[in-house]
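Residue numbers (the numbering used here): 6 to 79. Beta carbons are placed, not taken as given, at the ideal position from N, Cα and C, and that holds for glycine.
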């Protein structure tokens, strides 16, 4: 079995991050039953799906056309 860390977020979502692939997975690339060996509770964080989206620093350089949904670059 592959070893995983379970991460629980303030938004009540969970993520599973692999710590170690088992030999069977390394040979076959077929998922096996996850073995959760660690738990992280992140009460001060939201998961990436719930976290507010931040714009990249270059966003101000992009002119967006609301009529076609395509970006034009300056």
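(message) By DSSP's criteria, residue 17 is part of a beta bridge. Which residues make up the other side?
(response) Answer by DSSP bridge pairing: none, since residue 17 is not bridged.
(message) Counting C-beta neighbours from all protein chains within 10 Å, is the total for residue 34 16 or more, i.e. buried, or is it exposed?
(response) exposed
(request) Determine the direct distance from the alpha carbon of residue 38 to that of residue 9, and round the result to whole angstroms. (result) 10 Å
(request) Have a look at residue 20 and residue 14 and give me their C-alpha separation to the nearest angstrom. (result) 8 Å
(message) Pop quiz: residue 41 and residue 11 are said to be a contact at Cβ under 8 Å. What is the actual Cβ separation, rounded to whole angstroms?
(response) 5 Å
(request) Give me the Cβ distance between residue 52 and residue 27, rounded to the nearest whole Å; I'm assuming they're in contact under 8 Å. (result) 26 Å between Cβ atoms; not a contact.
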